[in-house]
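Counted from 1, the sequence shown has number 289 at position 285 by the working numbering; the numbering is strictly sequential.
These notes are about the structure you will find just below.
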Amino acid sequence: MSRRPVFRHPKLPTNDRGYTRRDYEGLDSTLCAGCGHDSISNAIIRACFELSVEPHRVAKLSGIGCSSKTPAYFLGKSHGFNSVHGRMPSIATGANMANKDLLYMGVSGDGDTASIGMGQFIHAARRNLNMVYIVMNNGCYGLTKGQDSATADRGSASRKGLPNPFEAIDLCESAVQLGAGFVARGFSGDKAQLVPLIKGAIRHKGFSLVDVISPCVTFNNTPTSTKSYHWVRDHMEATGAFDFIPMQPEITTEYEAGTDQSVAMHDGSLIHLHKSDNSFDATSRRAAIDALEHYREQGQILTGILHVNEGLQDTHEIMGTTDAPLNTLTEKELCPGNDVLQKMMGAYR
Ligand SMILES: Cc1ncc(C[n+]2csc(CCOP(=O)(O)OP(=O)(O)O)c2C)c(N)n1
Ligand code: SF4
Ligand SMILES: [Mg+2]
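Take a look at the structure:
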């Protein structure tokens with residue numbers, strides 16, 4: 005039961021659809037105070053409110069973990085399915101195949117995605133499933149007491165553990181290599197950067213990964229952990245300051261050539277990158293992987309939009325499914341009748 009007061013200020017600001025921010029909130033969080041995951045939930049709430057996403061057009065999906073509990077804490081009026089450990093992408097795929105008209109918002113952890121769910125994650129990415137896939141990445145299994153996860157950097161140590169001896173999986177680099185059309189990395193403690201990243205992911209058509217470094221204050225917030233607040237603040241390198249600009253008729257490009265880059269989303273909205281001198285061409289897969297490797301070698305974490313490709317077909321387009329969502333088709337449309345079936349069978353004889 006929510007402990008939030010039910011009183012509402014009569015003049016709470018509303019968005020274009022008439023919803024207030026409260027309409028995008030969920031239950032009170034039961035996570036540890038200071039957990040990065042709560043900051044990400046708040047960024048999701050803000051992004052959806054500011055984009056005027058209709059809550060009933062969203063389906064939240066998750067696996068198992070502290071991170072996978074968070075859909076209870078945002079978008080309380082949306083559809084939701086809390087699946088089993090690592091299986092969120094299968095549920096997202098099935099739901100998306102049945103009804104392609106909803107916004108699918110998958111939330112997962114680094115354990116849920118990069119260990120038990122890795123085989124699921126990579127296939128959702130390579131099929132370019134139209135969904136937002138947010139990883140709340142703390143480098144550990146928070147819910148089961150802080151064991152190292154597969155995204156923990158080699159040499160990085162959590163509260164009681166020895167330095168991790170294994171190579172880390174970089175989910176962004178994997179997603180770029182697999183052909184995902186929108187790949188970004190944020191930090192839970194940097195809302196100014198994270199909210200536009202989530203907005204861009206929502207507006208992108210196809211697979212949108214937002215990997216968010218999210219310190220676990222209970223098990224993985226020592227200075228030796230590369231997913232801690234201290235480490236990330238000291239070692240973060242952003243691709244540039246940027247903002248998300250919904251397409252409005254009056255928007256004109258007034259960005260200086262060579263310093264900025266605007267990338268149009270399928271629905272016409274723009275991601276506006278203010279490129280710093282050391283930035284790179286985010287539309288190139290090779291450049292994105294080079295940049296990630298470059299900063300990794302320096303011990304830095306590259307954040308921001310890492311890769312965007314708006315020219316890709318999503319799973320439905322690749323498969324040539326009907327324009328109408330499959331769950332709206334009637335029996336008559338789905339079953340062509342005995343004569344047609346006989347003809348089809350004849351072709352196989
Ligand atoms: C099939 C199965 N194996 C193991 C577990 C135990 N388990 C629950 S959550 C979890 C890891 C969670 O880590 P992560 O996805 O990173 O989430 P976090 O808690 O760190 O946010 C594990 C191993 C489980 N619930 N189901
Ligand atoms: S154990 Fe870690 S990940 Fe889980 S709620 Fe607490 S701080 Fe967050
Ligand atoms: Mg984790």
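We put the CB at the ideal spot given by N, CA and C, even for glycine.
Can you tell me whether C176 is buried or exposed? The criterion is at least 16 other CB atoms within 10 Å of its CB, across all chains shown. In summary, C176 is buried, with 16 or more beta-carbon neighbours lying within 10 Å of its beta-carbon over all protein chains present.
Is the beta carbon of Y28 closer than 8 Å to that of F78? Contact flag set, yes.
Any heavy atom of ligand 2 closer than 7 Å to the CB of H41? H41 Cβ: within cutoff of ligand 2.
L201, DSSP secondary structure in three states: Three-state DSSP puts L201 in a helix.
Three-state secondary structure (DSSP) at S153? Coil, per DSSP.
Apart from the five residues on each side of it in sequence, which residues of its chain come closer than 7 Å, Cβ to Cβ, to N342? Excluding residues within five positions, none has a Cβ falling inside 7 Å.
Could you tell me whether any non-hydrogen atom of ligand 2 is closer than 7 Å to the CB of V216? No, since every heavy atom of ligand 2 falls outside the 7 Å radius drawn around the Cβ of V216.
What's the C-alpha gap between V344 and D327? Their backbone Cα atoms lie some 22 Å apart in a straight line.
Kindly indicate which residue of G121, Q181 and R163 has the alpha-carbon position closest to the one of I293. Relative to I293, the option among G121, Q181 and R163 whose CA is nearest is Q181.
Check whether the Cβ of G308 lies closer than 7 Å to any heavy atom of ligand 1, and answer yes or no. Checking the 7 Å criterion, the Cβ of G308 is out of range of every heavy atom belonging to ligand 1.
Between the alpha carbons of Q124 and L198, how many angstroms are there, rounded? In a straight line, the C-alpha of Q124 is about 25 Å away from that of L198.
In chain order, what residues of the same chain lie with their CB nearer than 8 Å to the CB of V236, ignoring the 5 residues before and after it? Excluding sequence neighbours, V236 sits near F191, G193, I217, P219, T230 and I305.
From F248 to G159, what does the alpha carbon distance come to, in whole angstroms? If you take the alpha carbons of F248 and G159, they lie about 36 Å apart.
Which residue spans inside the region 296 to 330 form an unbroken beta strand (DSSP E) run of at least 3? Listed in chain order, the complete beta strand (DSSP E) runs (minimum 3 residues) inside the region 296 to 330 are 305 to 312.
Using the Cβ count rule (16 or more neighbours within 10 Å means buried), how would you classify M348? Exposed, since its Cβ has fewer than 16 Cβ neighbours within 10 Å.
Any non-hydrogen atom of ligand 1 within 7 Å of Y145 CB: At least one heavy atom of ligand 1 is nearer than 7 Å to the Cβ of Y145, so yes.
Within the continuous alpha helix (DSSP H) that includes V236, where are the two ends? Its alpha helix (DSSP H) spans residues Y233 to H239.
Quick one: is H320 buried, meaning 16 or more other Cβ sit within 10 Å of its Cβ, or exposed? Label assigned to H320: buried.
If I measure Cβ to Cβ from H234 and keep anything under 7 Å in the same chain, skipping five residues before and after, which residues do I get? Excluding the 5 residues flanking it on each side, H234 has same chain C-beta neighbours closer than 7 Å at P227, in chain order.
Quick check: the region 99 to 106 against the region 43 to 57, are at least 3 beta-carbon pairs closer than 8 Å? Flag = no, the region 43 to 57 and the region 99 to 106 do not touch.
Count the other CB atoms within 10 Å of the CB of H60; is the residue buried (16 or more) or exposed (fewer)? Flag for H60 reads exposed.
Compare the C-alpha of F223 against each of D215, K164 and P17 and name the closest. When each option's Cα is compared against that of F223, the closest is K164.
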